[in-house]
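Following: one structure in structure tokens, then a few remarks.
Residue numbers (the numbering used here), protein chains in the order written: chain P, 1 to 101; chain E, 102 to 202.
Following this line, the structure appears as structure tokens:
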């Protein structure tokens with residue numbers, strides 16, 4: 001059963017392009033994730049009623065894969081995260097999940 | 102660009118099994134959706150920190166496909182929806198989205 005987590009972002013109006021490039025399925029986050037075993041994919045959903053609101057869904061084979069990634073790429077993670085925070089006005093974790101088959 | 106919508110459910114403790122069968126990728130909802138053109142897939146995510154909390158994500162080729170489905174299968178939709186409400190204690194729309202490629 002895959003491990004997933006979902007985040008909601010409100011993006012600064014002048015940063016939407018940058019955000020979409022960085023957080024989409026071929027963005028910098030996905031690029032970093034792909035260096036780790038067990039990463040499956042990233043989805044970026046843009047709210048149709050609020051063009052500044054996005055959801056990301058990341059898919060990993062297991063929670064253990066995610067934790068191993070987080071430990072191993074800690075500094076790369078923090079760096080991307082700090083850069084990402086400059087693009088957004090709010091970041092909210094919707095949750096961590098297991099995906100039904 | 103695919104059309105998606107995300108719902109959050111809190112499920113009654115004695116209804117979790119029924120809910121998972123009905124709302125998963127091969128549940129009654131997905132079965133109904135599959136009768137309509139443009140339906141892609143359904144995902145069911147179960148919260149790892151709250152076993153009564155779920156997200157569903159439905160994927161359609163376009164918003165138009167969803168609207169055509171909704172109009173054509175209105176009575177089937179309402180019936181399933183009414184049955185579903187008996188399984189849950191809260192249903193919240195997280196949003197309607199377009200999915201980045």
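Ideal placement from N, C-alpha and C gives every residue a C-beta, glycine not left out.
- Among the residues facing chain E, residue 10 of chain P is not included, as its CB has no counterpart in that chain under 8 Å away.
- As DSSP reads the structure, residue 199 of chain E sits in a beta bridge with P/46 and E/104.
- At a cut-off of 8 Å between beta-carbon atoms, residue 96 of chain P makes contact with chain E.
- Taking a Cβ-Cβ threshold of 8 Å, none of the residues of chain E is close to residue 38 of chain P; the smallest such distance is about 16 Å.
- Judged by beta-carbon spacing, residue 39 of chain P lies beyond the 8 Å limit of residue 2 of chain P, meaning their Cβ atoms are not closer than that value.
- In the three-state reduction of the DSSP assignment, residue 155 of chain E falls in the strand class, which pools E and B.
- Chain P places a beta carbon closer than 8 Å to that of residue 144 of chain E, counting this residue as a contact.
- Contact of residue 190 of chain E with chain P is not assigned, every C-beta pair being separated by 8 Å or more.
- By the CB criterion at 8 Å, residue 11 of chain P and residue 52 of chain P fall inside the cutoff.
- DSSP places residue 173 of chain E in the uninterrupted alpha helix (DSSP H) bounded by 164-173.
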